[in-house]
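Using the UniProt record's numbering, read the sequence shown as starting at 1 and increasing by one per residue. Since the structure comes first, as structure tokens, the remarks are kept for the end.
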Amino acid sequence: MRRRRARRRLASPHMKSLQLYEFGKPETLRLLDVDPAPVGAGQVRVAIEAAPVNPSDFLTLSGRYAVRPMLPSPLGAEGVGLVTEVGAGVTAVTAGDLVLVLPNPQPGTWQEEAVVPERFVVRADPNADPVQLATAGINAATAYLLLGYGDALKPGDWVMQTAANSALGAFVVALARHRGLRTLNVVRRAGVEVPGGDAVVVSDETLTAQVRDVLRGDRPSLLLDGVSGPVAGTLAAVLAPNAHIVNFAALSGQQLVIDRVHLLFKSLNVHGFWLNNWIATAPRAEIERVYAEVTGLIADGVLRTEIAAQYGLGDFERALAHANAPDRTGKVVFRR
């Protein structure tokens, strides 16, 4: 099978690539001119249009993430761009398609082009804003799949979530509202807003009382936890029997702690979720269905990410400092 090339953009003789040379030392990041990688059988070349800076990228940079590429390595876990070339045997996408680059064992969206196995690219709605699509690969899809643990929920039911003011939390709120569900959103300090959320409570010594006051006897059957530590255990006290707790991150840096009284006598179901595992194992048809729905909701404006700023790769130092700022709101995105 001959390789097909998009007329809109051909592979350039050289490309910009932001690469890491030593874990734990961001000062070893270098913006280089490199030769584009060849496209082999089953691979796709994507000209990157936009790629966000995520917490997982900082963990990769530090060497503390589950994905630990061989160095030197480009960084960037997700992005969106145009397919410019496909290798032999590729059938899922064609040259000229707008695609998401999904998380995979080899990061590489913080560069002008990425050569990716077919498994890790999926068509995106071409009517959507590329900057908005750039965050669909991880956060929007994760929120969609996390809510799938509550497939028995009915309109009006409660979903509780920690890390509620994160970008992923915003997607949970929007998707829940779209389905007629109510969200009880836990934040770590007073004064933090969760736009669209039905209730916001603060994770302090009064958390249980705050939650009971909101629920007024209702017993949620789904808790989405991105903080870990003891907060999920506190919230377990108000969960319904056989409820689901889904842990997908540990922003506190602590282990998940759930009182055995609630775990045993309520028969709670505790799940760990990492999107990379789903992408690696789900049938291709399921992956395409989920991302078609997610990117369609982005195109329709149902799902939207607040964007803090856009930077070119040449401004990577400012971009990473901005993304790591404690008072930042919104996503920092690299944009071609």
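By construction, the Cβ of each residue, glycine as well, lies at the ideal position given by its N, Cα and C atoms. If you're wondering where the values come from, they're calculated on a predicted model, not measured in any experiment.
Residue 112: buried (16+ other C-beta within 10 angstroms of its C-beta) or exposed? buried
State the beta-bridge partners of residue 107 as determined by DSSP. The partner list for residue 107 (beta bridge, DSSP) is empty, contrary to what the question assumes.
Which of helix, strand or coil DSSP assigns to residue 276: helix
In the DSSP assignment, find the beta strand (DSSP E) that holds residue 159 and state where it starts and stops. 158 to 161
So, for residue 237: in the same chain, excluding its five sequence neighbours on each side, which residues have a beta-carbon less than 7 Å away from its beta-carbon? 208, 262
Kindly indicate which three-state DSSP category residue 52 falls into: helix, strand or coil? strand
Consult DSSP for residue 75 and reduce its assignment to one of helix, strand or coil. coil
Once you ignore the five residues that flank residue 2 on each side, which residues in its own chain have a CB closer than 7 Å to its CB? A caution first: residue 2 carries a pLDDT of 35, below 50, which makes its placement in the model unreliable, though a value can still be read off. Here the set comprises nothing.
Buried/exposed call for residue 183, threshold 16 Cβ in 10 Å: buried
For residue 17, list the residues DSSP reports as bridge partners. 32, 111
Contact with chain D by residue 109, beta-carbon distance below 7 Å: No chain D is part of this structure, which consists of one protein chain only.
Three or more C-beta pairs closer than 8 Å, one from the region 244 to 255 and one from the region 29 to 40: is that the case here? no
With residue 328 and residue 308 assumed to form a contact (beta carbons below 8 Å), what rounded beta-carbon distance in angstroms separates them? 6 Å
So within the region 183 to 223, which uninterrupted beta strand (DSSP E) runs reach at least 3 residues, ignoring any that extend past its ends? 199 to 202
Environment of residue 25 [buried if 16+ CB atoms lie within 10 Å]: exposed
Reducing DSSP to helix, strand and coil, say where residue 148 ends up. helix
If I'm right that residue 291 touches residue 100 with Cβ under 8 Å, what's the distance once you round it to whole angstroms? 6 Å
With DSSP run on the structure shown, which of helix, strand or coil describes residue 308? strand
Taking contact to mean at least 3 C-beta pairs separated by less than 8 Å, is the region 76 to 83 in contact with the region 39 to 49? yes
Please state the DSSP three-state secondary structure of residue 169. helix
Who are the Cβ neighbours of residue 42 in its own chain at under 7 Å, not counting the five residues just before and after it? 87, 89, 90, 117, 118
Taking all protein chains shown into account, decide if residue 62 is buried (16 or more other Cβ within 10 angstroms of its Cβ) or exposed. exposed
Please determine, among 149, 144, 217, 93, the residue with the shortest C-alpha to C-alpha distance to residue 173. 144
Closer than 6 Å by C-beta to residue 17: which residues in its own chain qualify, once you throw out the five before and the five after it? Chain order, please. 32, 34, 74, 111
Quick one, which of 185, 106, 64, 150 has its alpha-carbon nearest residue 163's? 185
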